[in-house]
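Chemist:
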Amino acid sequence: MKHRGRHRRRRRGRALRAALAGTALALTAAATMISASQATDADDPGALKPLTKSAETTPLRLTEHDVPRAALDRLSAGMGRPVGVGTVLADPDGSLRDAEDCTDDDRHALPVEPAATHAYCWPGADTDGWQSGAVTTSGDADDDGHWGEDRVILSGWSRSTGAPAEDGLARVAFVDAGDPAGLRYTWALLTVPVDGGRDYRGLGSAVSGMVWYQDKLLVTAGPADDSALYVYDMDRVQRATVDGPSVGRVPGGWSAAGARYVLPAVASYRTNGADAPRPGGIALDRSTAPDSLVAHEARPVDDDGPTRLWRYDFSTEPERAGLLDTDPVAVYETELTEVRSVLSYRSGWYLGRMTGAPDERGTLWRQDTEGARPTRCGADETHRCWSGRAESLSYWEETGDVWSQSGRMLFALPLDSVDRALD
131 MKHRGRHRRR RRGRALRAAL AGTALALTAA ATMISASQAT DADDPGALKP
181 LTKSAETTPL RLTEHDVPRA ALDRLSAGMG RPVGVGTVLA DPDGSLRDAE
231 DCTDDDRHAL PVEPAATHAY CWPGADTDGW QSGAVTTSGD ADDDGHWGED
281 RVILSGWSRS TGAPAEDGLA RVAFVDAGDP AGLRYTWALL TVPVDGGRDY
331 RGLGSAVSGM VWYQDKLLVT AGPADDSALY VYDMDRVQRA TVDGPSVGRV
381 PGGWSAAGAR YVLPAVASYR TNGADAPRPG GIALDRSTAP DSLVAHEARP
431 VDDDGPTRLW RYDFSTEPER AGLLDTDPVA VYETELTEVR SVLSYRSGWY
481 LGRMTGAPDE RGTLWRQDTE GARPTRCGAD ETHRCWSGRA ESLSYWEETG
531 DVWSQSGRML FALPLDSVDR ALD
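FYI, in our numbering the residues of the sequence shown are 131 to 553.
(1) Check for me: the alpha helix (DSSP H) holding Val337 runs from which residue to which?
(2) Here's a check: name, in chain order, each residue in its chain whose Cβ is nearer than 6 Å to the Cβ of Ser474, leaving out the five neighbours to either side.
(3) Give me the DSSP bridge partner(s) of Asp270.
(4) Can you tell me whether Leu540 is buried or exposed? The criterion is at least 16 other CB atoms within 10 Å of its CB, across all chains shown.
(5) Tell me which same chain residues have a C-beta within less than 6 Å of the C-beta of Gln261, skipping the five on either side of it?
(6) Would you kindly check if the distance between the Cβ of Gly339 and the Cβ of Ala264 is under 9 Å?
(7) Among Trp526, Asp531, Ala395, Ala177, which residue has its Cα nearest to the Cα of Asp273?
(8) Please state whether DSSP places Asp196 in a helix, a strand or coil.
(9) Quick check on the burial criterion: 16 or more other C-beta atoms within 10 angstroms. Buried or exposed for Arg550?
(10) When you compare the CB positions of Arg429 and Thr467, do they come within less than 9 Å of one another, or not?
(11) Spatial neighbours of Thr158 within its chain, please: C-beta separation below 7 Å, excluding the five flanking residues on both sides.
(12) Under three-state DSSP, which class holds Met364?
(13) According to the neighbour-count rule (16 or more other Cβ atoms, all chains shown, within 10 Å of its Cβ), is Asp270 buried or exposed?
(14) Hey, Ser536 and Ala239: beta-carbon distance below 9 Å or not?
(15) On the three-pair Cβ rule with 8 Å, is the stretch 275 to 284 touching the stretch 252 to 259?
(16) Note down, in chain order, each residue of its chain lying with its Cβ closer than 6 Å to the Cβ of Ser547, except the 5 sequence neighbours on either side.
(17) I think Leu552 touches Gly530, with their Cβ atoms under 8 Å apart; what is that distance to the nearest whole Å?
(18) Might you give, ordered along the chain, the residues of its own chain that have their beta carbon closer than 6 Å to the beta carbon of Pro504, omitting 5 neighbours on each side?
(19) Whole-angstrom Cβ separation of Ala413 and Ser517, contact assumed at under 8 Å?
(20) How big is the Cα-Cα spacing for Leu543 and Ala249?
(21) Consult DSSP for Leu226 and reduce its assignment to one of helix, strand or coil.
(22) Thr446 and Pro420: beta carbons closer than 9 Å?
(23) Once the 5 residues before and after Gly403 are set aside, which same chain residues still bring their CB inside 6 Å of it?
(24) What is the DSSP secondary structure of Thr217, reduced to helix, strand or coil?
(25) If we ignore side chains and look at the alpha-carbon of each, how far apart do Asp498 and Ser477 end up?
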């Protein structure tokens with residue numbers, strides 16, 4: 131079902147533009163100091179190699195597992211009637227700061243080239259101990275860029291308690307992006323119903339990939355959650371009723387580790403077999419017919435590759451709105467290693483490659499079946515001019531902007547500027 135509203139555009143203030151310009155100049159100067167031996171952080175990966183043999187594509191066939199409707203209804207009966215996205219946005223937990231009010235350390239996570247045109251930082255008090263992850267927007271959810279009357283950014287975060295992996299937590303910030311000069315956010319915990327809907331547990335994985343399409347939110351999960359792709363229904367946001375560190379049903383109500391809202395999973399997808407590739411980052415591609423979801427393979431750090439990329443169509447059946455067709459429609463192999471983010475638009479695949487050290491920059495490549503080119507830091511020869519450990523690329527087609535985040539910085543830049551920065 132489409133949720134449409136009027137298109138509203140607002141301009142950023144001069145102070146923000148000046149801060150971003152100053153930051154970009156400073157980062158460019160720093161980038162020119164990288165030695166010639168660091169001019170590239172990967173050899174030219176060349177062209178994408180299509181994989182077409184059944185043995186190469188069959189392992190990527192998805193198996194869909196639905197949470198029983200009775201379990202979801204039982205959970206709603208216990209927690210109360212679900213609320214909509216608008217209700218969550220109207221009940222904010224805090225505000226993001228514009229780039230000029232962020233610390234130099236935070237702004238260091240911004241890309242050098244191309245430079246961000248919108249940038250914000252998260253407050254430390256609300257994100258300490260949490261790691262930023264994937265981003266998606268209402269530009270993914272609907273082609274007019276709105277969800278109802280709202281413009282929305284969803285920002286994923288994860289936390290490890292130091293206990294076994296299943297004790298980790300994942301949450302999503304619903305960011306009201308209607309006023310670019312005043313972004314406000316509200317937290318919702320990602321959960322999985324258990325015990326037939328009588329309780330829920332937290333999703334115990336880093337949020338490395340996330341796509342909001344129509345009324346569904348798809349989130350990648352790590353080994354603690356069987357490396358599945360979880361599905362959440364944006365019309366099934368539940369209220370937590372107890373403020374505390376616990377997760378699930380507690381004496382007196384329902385707790386969500388301090389969040390005031392809960393998203394329970396409604397389904398999940400798994401690839402075919404224990405040795406099948408697992409999705410790391412994911413993104414929406416509106417340039418295909420039908421719209422499709424692309425993924426890059428999750429590979430261990432320092433793995434020597436190659437890395438697989440693939441695509442699934444979204445279902446065109448009305449009763450399966452926001453869900454995937456389970457057979458891959460295209461599979462490729464890239465020689466690029468350390469891939470941590472993916473975006474596909476028209477004939478190009480944009481791949482973010484992250485270096486091993488947290489304080490080093492990554493590279494951003496555009497690759498297709500004819501070759502590959504990285505973005506370059508101005509006149510300097512280095513290609514390490516992308517942001518730090520960004521794990522997401524989300525294209526807001528209505529505005530032409532690509533959104534990502536690294537560290538505490540949430541930022542956007544035009545896709546056209548990425549193409550202009552290619553070497």
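Glycine included, C-beta positions come from ideal geometry on N, C-alpha and C. Just so we're clear, the structure is a prediction, and the values are computed from it rather than from any experiment.
Modeler: According to the data block:
(1) Per DSSP, Val337 belongs to no alpha helix (DSSP H) and is neither H nor E.
(2) Asp415, Val424
(3) Asp270 pairs with nothing; no bridge assigned.
(4) buried
(5) Ser288
(6) yes
(7) Trp526
(8) strand
(9) exposed
(10) yes
(11) Because Thr158 carries a pLDDT of 46, less than 50, the predicted location of this residue cannot be relied on, and the following value inherits that uncertainty. Val242, Glu243, Cys507, Gly508.
(12) coil
(13) buried
(14) yes
(15) no
(16) Pro244
(17) So it is not a contact: roughly 17 Å between Cβ atoms.
(18) Thr493, Trp495, His513, Asp553
(19) That belief does not hold up - the Cβ atoms of Ala413 and Ser517 are roughly 16 Å apart, past 8 Å.
(20) 9 Å
(21) coil
(22) yes
(23) Pro189
(24) helix
(25) 7 Å
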